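Protein chains in written order, with the numbering used here: chain A, 7 to 256; chain B, 863 to 1106.
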């Protein structure tokens, strides 16, 4: 079966600190996957390795059955990898629609930034349609032409997340998307992520500390602890795992 | 619990519109060790920072005995009996251990009083005078945490707040750190610490609270919480899951 996302024997050390001791897993089924684990387990480092933001010391990264070990972020973006960061990153002086259109620039051509706003070609029409659809998914249609700065924190998070999706990535890495998002918007986020994954074959890998949110959303949970994969299973299996409880409570 | 020394009631704190903790009410009695445990991002550090007036947006009440702490700036909090040891290394690595201790007494004008307190702290932490001329950056991680706690004692606080004192330390050193926390208690200090090293911290504590998503969910005697299945349930959101 095709490996949508796989890491094999990935190690990463920062000076004397071993962030990733030996991480291996393969994801073949399209779906939403939770990546959890106590502080310092190596979750964000693993994201950095998969997205090309840092090079692993050893091991391989496979995206869509192609080995992408050591590829730079721009190449990984072309290969269909997108990510969000713990800190919310939106362009607050641009409108919500513009935020999405920025992200929708063709990644394989050396287009100038300005062209995306002036050229009325098929790409732009498709991008516009896609952007409006995504704004609708997160109830931001009314804010399409408003600057992102008027949005609440939670709404900016939602905008950021649909922005990462506009190029229809094969592998979407979300780092704590629910952090600081109020309960009403969490429902919107949950619904939007389910709708997004239903639109295509791909992997959403989500680091999250809001357990209620991720256990309800994810098809499967991968638990990291001290730089290795400790356990993998359905949310029910993970919640019943004594090893996972041990890892959290020490 | 005896009469509260620190009393925090309905505290809400956050950054801009992003509330990190809500409706948090906790109490610490004189000479009591209280630990708050919870997930990464649950609001533990924000709670301590909010008590020490380091968070921009706050509402609620914070009292120490009869003193209203809420409006006080961090330097006034220090002189009102609250010491705070933040997470991560807060020592001055390029200063000597003796100089680091003097920095802890920066607000003390009376040189003789300061000398007396430094002497006292040196008897509590014999490793410090042995190395008084050494740069603090050359101490081990555990020794640096001890220096921070020793330094916090120089203002003779009633309450010492510790943000994850055991983080990043080897298991053997973790035990030493919690022994040091008990030493603070023997010195008559109340201790409020937040920790992710759940079981070891609770074992060293009189009482514990579990915070989840910015709210206090559970409170009990420290040793009782260690084997309380509700703690694991909170950590893995089992309750919420079975509701669905």
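Glycine included, C-beta positions come from ideal geometry on N, C-alpha and C. Keep in mind it's a predicted model, so treat the numbers as computed, not measured.
Residues of its chain near residue 1005/B, where Cβ-Cβ distance is below 7 Å and the 5 sequence neighbours each way are ignored: 989
Residue 1028/B burial status per 10 Å Cβ neighbour count (16 or more: buried): buried
Bridge partners - residue 871/B, DSSP secondary structure assignment: 923/B
9 Å Cβ cutoff, residue 1100/B in contact with chain A: yes
Opening and closing residue of the alpha helix (DSSP H) in which residue 333/A lies: With chain A running from 7 to 256 in the structure shown, residue 333/A is simply not present.
Beta-carbon contacts of residue 196/A that lie in its chain and below 6 Å, excluding the five residues immediately before and after: 223
Burial state of residue 15/A, where buried means 16 or more other Cβ atoms lie within 10 Å: exposed
CA nearest to the CA of residue 829/B, picked from 1067/B, 1099/B, 911/B, 1095/B: Any question about residue 829/B goes unanswered here, given that chain B covers just 863 to 1106.
Minimum Cβ-Cβ distance from residue 51/A to chain B less than 9 Å: no
Cutoff 9 Å: residue 915/B Cβ touching any chain A Cβ: no
Minimum Cβ-Cβ distance from residue 962/B to chain A less than 9 Å: no
Under 9 Å by beta carbon: chain B residues contacting residue 59/A: Near residue 59/A there are no residues of chain B at all, since even the closest Cβ is about 20 Å away, more than 9 Å.
Any chain B beta carbon closer than 9 Å to residue 76/A: no
Contact set between residue 179/A and chain B, taken where Cβ atoms lie within less than 9 Å: Under the 9 Å cutoff, chain B gives no residues; its nearest Cβ is about 18 Å from residue 179/A.
Whole beta strand (DSSP E) elements within the region 1000-1028 of chain B, 3-residue minimum: 1021-1025
Segment contact flag, the region 64-72 of chain A with the region 92-109 of chain A, C-beta cutoff 8 Å, min 3 pairs: no
Any 3 or more C-beta pairs closer than 8 Å across the region 231-243 of chain A and the region 35-52 of chain A: yes
Residue range of the beta strand (DSSP E) that includes residue 28/A: 23-33
For residue 935/B and residue 962/B, believed in contact at Cβ under 8 Å, the rounded distance: The Cβ separation is near 23 Å, so there is no contact.
Extent of the continuous alpha helix (DSSP H) to which residue 1092/B belongs: 1091-1097
Residue 168/A and residue 43/A closer than 9 Å at C-beta: no
Rounded C-alpha distance that separates residue 194/A from residue 1015/B: 49 Å
Neighbour list for residue 879/B in chain A, Cβ cutoff strictly below 7 Å: 158, 159
Through-space distance from residue 52/A to residue 1096/B, alpha-carbon basis: 26 Å
Limits of the alpha helix (DSSP H) - the one that residue 132/A falls within: 128-143
Under 8 Å by beta carbon: chain B residues contacting residue 251/A: 1094, 1097, 1098
Interface partners of residue 245/A on chain B, CB under 8 Å: 1098, 1099, 1100, 1103
For residue 956/B and residue 997/B, believed in contact at Cβ under 8 Å, the rounded distance: 6 Å
Rounded Cβ spacing between residue 899/B and residue 1024/B (contact assumed at less than 8 Å): That pair is no contact at about 13 Å.
Cutoff 9 Å: residue 258/A Cβ touching any chain B Cβ: Examination of residue 258/A is not possible in this model, given that chain A is present from 7 through 256 alone.
For residue 45/A, the residue or residues it bridges with in DSSP: BP columns for residue 45/A are empty, so no partner.
Residue-chain proximity (residue 950/B, chain C), Cβ-Cβ < 9 Å: No chain C is present in this structure, whose protein chains are A and B.
Beta carbon of residue 1061/B nearer than 9 Å to that of residue 256/A: yes
Of the listed residues 971/B, 933/B, 1045/B, nearest to residue 986/B (C-alpha basis): 1045/B
Residues near residue 140/A in its chain [Cβ-Cβ closer than 7 Å; skip 5 each side]: 106, 168, 171, 172
Stretch-stretch touch, CB-based, cutoff 8 Å, three pairs: the region 184-191 of chain A with the region 208-216 of chain A: yes
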